[in-house]
Amino acid sequence: YKFCEQMRDAAAKVNSLVHAGKFDEIKAAMKDLEKSCHDCHEVFHKEALEKVGKEEEE
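Numbers 2 to 59, taken from our numbering, label the letters of the sequence shown in order.
This is the structure:
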């Protein structure tokens, strides 16, 4: 459940920054959103992380 909250909060922050026009802060917020995906996949979907590594090599 904590992974869902982590993703929801990170996505809400990105959304808020976009609507506020704070484009200089969006990159850092997107990293937090990406981290929420990675953290969940590390526990529940390791095969998804393996695919990302292979796609980057190609």
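Beta carbons are placed, not taken as given, at the ideal position from N, Cα and C, and that holds for glycine.
From a predicted model like this one, the values you see are computed outputs, not experimental measurements.
Only residues of its own chain outside the window of five on either side were considered, and among them L34, S37, C38, C41 have a CB closer than 8 Å to the CB of M8, listed in chain order.
In the displayed model, H46 falls within coil according to three-state DSSP, outside both helix and strand.
For K28, the three-state secondary structure derived from DSSP is helix. In the structure shown, K3 adopts helical secondary structure according to DSSP, grouped into three states.
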